[in-house]
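Q: Under this note's numbering, the first residue of the sequence shown is numbered 8, with each subsequent residue one higher.
Glycine is no exception: its CB is placed at the ideal position from the N, C-alpha and C atoms.
Below is the structure I would like to discuss, written out as structure tokens.
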Amino acid sequence: MTLLLNPDIAFIVLGFALLITIFALLAPGSGVLEVLALIFLIGVGYAVSNLPVNLWALFVLLAGIVTVIIAFRKTKKWYFIAGPIALLIVGMVFLFLGVNPLLAGFGAVGIAAFIWVIGHNISATFHQQPYSDLDRMVGKIGTANTDILKEGSVRVDGEGWTAVSDTLIPAGSSVRILQRNGLVLKVELAENNKDIQDS
8 MTLLLNPDIA FIVLGFALLI TIFALLAPGS GVLEVLALIF LIGVGYAVSN LPVNLWALFV
68 LLAGIVTVII AFRKTKKWYF IAGPIALLIV GMVFLFLGVN PLLAGFGAVG IAAFIWVIGH
128 NISATFHQQP YSDLDRMVGK IGTANTDILK EGSVRVDGEG WTAVSDTLIP AGSSVRILQR
188 NGLVLKVELA ENNKDIQDS
């Protein structure tokens, strides 16, 4: 643990702790990142308690961590994300007294870039529409593959579905999706087919 009493080593451990903690909070999973984050945070805590630090930088750093996580979860706009990353980096660079300025500069730029790229990709998954939103099918027009009286099959957006209807729908007719129950679609004859059948 005496290794952590070197400000440069403490700065490097802090950098790893920040990266791992932020990504563990943004993308929780197997628990491996969480355990690694805890180990690194214990090391940072030891260094903070035994080295001279700027107390204001500690508060800026903590505010930066919170705002980075909130920014990535709530917005995709780069200008809302850049500020929290800058806050985080300022707190990190000025936390430990006596850190090599070259190490602090390169470390800050590297960590900021890494958080920006990886965090931006993780953030994109938060805001992505699900690919399998099956309720989007309601209201669409498809084609009856078979005659549908109580049950049959239809094709909608290139996919085959089991369909049910209260009235007879001949094969080849256009159908409108009324609702989805699991993997079964309730359908009705589409308006253009009703006009043909009524004539």
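Would you kindly work out how many angstroms separate the C-alpha atoms of arginine 162 and alanine 151, rounded to a whole number?
A: Going from the Cα of arginine 162 to the Cα of alanine 151 covers about 6 Å.
Q: Identify every run of the alpha helix (DSSP H) within the segment 80 to 105, keeping only runs that are complete inside it and at least 4 residues long; order them along the chain.
A: Listed in chain order, the complete alpha helix (DSSP H) runs (minimum 4 residues) inside the segment 80 to 105 are 85 to 102.
Q: Among Phe79, Ile27 and Ala31, which one has its Cα closest to the Cα of alanine 127?
A: The sequence shown places histidine at residue 127, not alanine. Closest option to histidine 127, Cα to Cα, is Phe79.
Q: What is the DSSP secondary structure of asparagine 57, reduced to helix, strand or coil?
A: In this structure, asparagine 57 counts as helix in the three-state DSSP scheme.
Q: Return the first residue and the last residue of the alpha helix (DSSP H) that valine 191 is part of.
A: Not the alpha helix (DSSP H): valine 191 falls in the beta strand (DSSP E), residues 191 to 196.
Q: Rounded to the nearest angstrom, how far is the Cβ of glutamate 158 from that of threonine 169, given a contact under 8 Å?
A: The pair is a contact, with the Cβ atoms about 7 Å apart (cut-off 8 Å).
Q: Run through DSSP, which three-state label would serine 130 get?
A: Helix.
Q: Can you check which of these residues, Gly105, Glu41 and Leu68, is closest to glycine 98 by C-alpha distance?
A: Comparing Cα-Cα distances from glycine 98 to each of Gly105, Glu41 and Leu68, the minimum goes to Leu68.
Q: Among Val73, Ser180, Glu195 and Ile19, which residue has its Cα nearest to the Cα of valine 2?
A: This structure leaves residue 2 out entirely; the chain is present only between 8 and 206.
Q: Count the other CB atoms, across all protein chains shown, that sit within 10 Å of the CB of isoleucine 122; report buried if there are 16 or more and exposed otherwise.
A: So isoleucine 122 counts as buried.
Q: State the DSSP-derived secondary structure class of leucine 175, mapped to helix, strand or coil.
A: It is coil, neither helix nor strand.
Q: Buried or exposed for alanine 24, please, with buried defined as at least 16 other CB atoms from any protein chain shown within 10 angstroms of its CB.
A: Buried: at least 16 other Cβ atoms inside 10 Å.
Q: What is the DSSP secondary structure of valine 51, reduced to helix, strand or coil?
A: In the structure shown, valine 51 sits in a helix (DSSP, three-state: H, G or I).
Q: So what does threonine 150 bridge to, in DSSP terms?
A: Arg162 and Ser181.
Q: Sort Thr74, Ala54 and Ser160 by Cα distance to alanine 89 and report the nearest one.
A: With distances taken between Cα atoms, alanine 89 lies closest to Thr74.
Q: Give the DSSP-derived three-state secondary structure of alanine 24 in the structure shown.
A: Helix at alanine 24.
Q: Select from Leu32, Met144 and Val145 the residue whose C-alpha is nearest the C-alpha of serine 130.
A: Among Leu32, Met144 and Val145, the Cα nearest to that of serine 130 belongs to Leu32.
Q: Would you mind sorting serine 56 into buried or exposed? The rule is 16 or more other CB atoms within 10 Å of its CB.
A: It counts as exposed.
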